[in-house]
Every structure is written in structure tokens, then in C-alpha cells.
Ligand code: F6P
């Protein structure tokens, strides 16, 4: 593997704040190590449509603070087919790209794992998703910024919830993972978080209703993780409205505001460390691994583990939320 001379870099799936910091780090660390860098636009789609540009250090100047991804991103259906992946492989050959660094979430790493094994192609993944749902890393790039965005939004909603003495259901992202909802709820002093990880175990809303939203409060905020398992904020609000017409209920769905914005210092540092580590990994001969950080230590996590293992939520946090929301 010491013979790699040219790497490709792409961002794929949902954008996440800090992706640009990762692109910068990968590019600069590669050039520092004497490698050529080819930027692939629009994720795996750009491999099929041949949208590739050679990157120099200046191409990644002034982007560490920018949200989104300068490489653009896409969710590419064609790459899910063998024909699409064959075209992608031919593009890589044409440009002399000998290894890939793929930045993204679950879908991105799933695509990387399939492609790497089909073509025996070296790929290192970097976890970039606001969902924080990849196993083997304490945090994914973008999660901290999204959490801060949620915190700012919920703080604002609390002003109006308190003034009107309302019950708010606020839906946050996470694609079937409750990290944003649970930690967002703790950070904003919410009354509860309804998350998919425990939705199958108990009727969280039923319990809330039973205990009373308002023992000592005139307003309440419940964060709801988007997921068919929770039912989403709209459905939960409807249920409360029907059963408890005395509550003045409102719903806010935060949506894509959670994916945008300048990355936090934590995300910039995470992205910089992981980006540089991805080049070390390739030069060491690693392949089919995601870069993770566990207890502040860099680790290599096989794609199969990062994707397949469900990352558990810390149940202690649920208890903390319960205790502090009395
Ligand atoms: O994976 C990131 C994420 O924002 C999820 O939380 C959400 O379910 C999904 O992407 C939304 O995807 P899209 O922007 O394609 O609608």
C-alpha cells in the first residue's frame, strides 16, 4: 500500500457541518505526504458522471469555517447497481485514482463497503453525519454543530412556550437514532425526549401523560426524534390534542436548519483529526475501515462493524433527563 500515489476524495449522503474541514484535512495531509488529490463532485454520482478535478492546497483554503460541502453531495441510486459501480470503477481507473476517502454517513459507508469488496479497492471512510449513528466512534462530524443549532432553536421556542403556557412538540432529525433528541432535550431543559431506541419498549407519550406534563409547570417542551417508531411530532401532538383538549399544543419541525451553518470548534477539530488520520490509514495499508475517535483516541473501525452494529444510546442520560425535568 505504500505505493499509493493518487487518492480521490468525495462527500456523499446528507451534508453535515464540518465536512469541508474534513475535505481540507484530507487534501492537505495527502499533499503533505506527497500524494496527488482528485476531488470527486456530487459523491458517488460524480464517479459515474466523471466530475473530477485535481485539488491543490489552495482549493481548500478558507473552507474550514463553511457549512455544507464544497464537493457537493448526492444520494446516488445508480451506485446501488452493479452497472453503476462498474462505471464508477472505470472512472477511477481513467484518472489513476488508487484509493478513496469517502466522507458521509451510513449509506455512504455501505456503498464504500460494497464497492471496496467488489473491486478490491482501498477505501477509508470518515463519519460525517449529524445523526451520530455510526458505531465505533464517540461522535460523528456535524453532530455537535447540529446539537448546538437545536439548542438555539429550542431556547427560542421556550420563550414563546412560556409566554403562552403551551405544550410544544419539537421534531428533530436523526434518522431513527435518538442522539440529537436525547442530548438536545438535556441541553435545553426539556420535559422529555421521545426516541426510537426505546419506542418499542414502552409508550413514552402514554407515560408522560400519565405522570402529567405539568406538575409544577405551565409550559412544557418535548423533543421527538423523527422516525416511524416514534410516530413523529405531528402524530404525538394529535394524540394529546384529542385526549387532553385542555392543553394548548403546538408543533415545530426543525428540519434542514439542523444540517446547515458554520461548524463548531469541536466538529472542526474532529474533522481535522479524522481527515489527517485517513491518509495515515491509507499509507499504513488500512482499507475498508472508518476512522473513529473513542475516548479521544483514533481508532480504525471495519466498515462492517460501523454500519451494522447499532450504536447504543447511553441510558443513563434518559434517567438524568427524567430526574432533572421534575
Ligand atoms: O442523515 C442525515 C439526515 O438529515 C437524517 O437525519 C434525515 O432523516 C435525512 O438526512 C433527511 O434526508 P434528506 O435531506 O435527503 O431529506
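Residue numbers (our numbering): 1415 to 1740.
For each residue, glycine too, the CB sits at the ideal point set by N, CA and C.
Model, not experiment: these values are computed from the prediction.
Selection from the options that minimises the alpha carbon distance to residue i
{"i": "residue 1722", "options": "1623, 1547, 1431, 1478", "result": "1547"}
{"i": "residue 1614", "options": "1605, 1484, 1642, 1634", "result": "1642"}
{"i": "residue 1714", "options": "1539, 1673, 1575, 1675", "result": "1539"}
{"i": "residue 1481", "options": "1543, 1498, 1532, 1500", "result": "1543"}
{"i": "residue 1553", "options": "1736, 1701, 1683", "result": "1683"}
{"i": "residue 1509", "options": "1483, 1522, 1450", "result": "1450"}
{"i": "residue 1561", "options": "1468, 1483, 1595", "result": "1595"}
{"i": "residue 1701", "options": "1477, 1456, 1526, 1491", "result": "1526"}
{"i": "residue 1734", "options": "1572, 1604, 1493", "result": "1604"}
{"i": "residue 1441", "options": "1468, 1670, 1534", "result": "1468"}
{"i": "residue 1582", "options": "1472, 1591, 1648, 1624", "result": "1648"}
{"i": "residue 1490", "options": "1672, 1740, 1459, 1737", "result": "1459"}
{"i": "residue 1418", "options": "1535, 1494, 1437", "result": "1535"}
{"i": "residue 1514", "options": "1498, 1724, 1437, 1650", "result": "1437"}
Residues of its chain near residue i, where Cβ-Cβ distance is below 6 Å and the 5 sequence neighbours each way are ignored
{"i": "residue 1606", "result": "1622, 1636"}
{"i": "residue 1705", "result": "1540, 1688, 1691, 1692"}
{"i": "residue 1430", "result": "1542, 1543, 1544, 1555, 1556"}
{"i": "residue 1589", "result": "1545"}
Whole-Å CB distance - residue i paired with residue j, under 8 Å assumed
{"i": "residue 1443", "j": "residue 1620", "result": "With 8 Å as the limit, residue 1443 and residue 1620 do not qualify as a contact, their Cβ atoms being about 51 Å apart."}
{"i": "residue 1668", "j": "residue 1586", "result": "6 Å"}
{"i": "residue 1677", "j": "residue 1435", "result": "6 Å"}
{"i": "residue 1523", "j": "residue 1422", "result": "16 Å between Cβ atoms; not a contact."}
{"i": "residue 1511", "j": "residue 1452", "result": "5 Å"}
{"i": "residue 1685", "j": "residue 1521", "result": "Not really, about 19 Å apart at Cβ, beyond 8 Å."}
{"i": "residue 1592", "j": "residue 1519", "result": "Rounded, the Cβ-Cβ distance is 16 Å, inconsistent with contact."}
{"i": "residue 1608", "j": "residue 1644", "result": "5 Å"}
Contact check, residue i vs residue j, beta carbons under 7 Å
{"i": "residue 1707", "j": "residue 1551", "result": "yes"}
{"i": "residue 1719", "j": "residue 1529", "result": "no"}
{"i": "residue 1502", "j": "residue 1462", "result": "yes"}
{"i": "residue 1454", "j": "residue 1424", "result": "yes"}
{"i": "residue 1488", "j": "residue 1448", "result": "no"}
{"i": "residue 1654", "j": "residue 1663", "result": "yes"}
{"i": "residue 1737", "j": "residue 1611", "result": "no"}
{"i": "residue 1492", "j": "residue 1498", "result": "yes"}
8 Å CB neighbourhood of residue i in its chain, flanking five on each side removed
{"i": "residue 1565", "result": "1598, 1601, 1602"}
{"i": "residue 1632", "result": "1576, 1579"}
{"i": "residue 1675", "result": "1431, 1481, 1559, 1563"}
Cut-off 7 Å between Cβ atoms - residues of its own chain near residue i, not counting five sequence neighbours on either side
{"i": "residue 1646", "result": "1585, 1638, 1640"}
{"i": "residue 1716", "result": "1702, 1703"}
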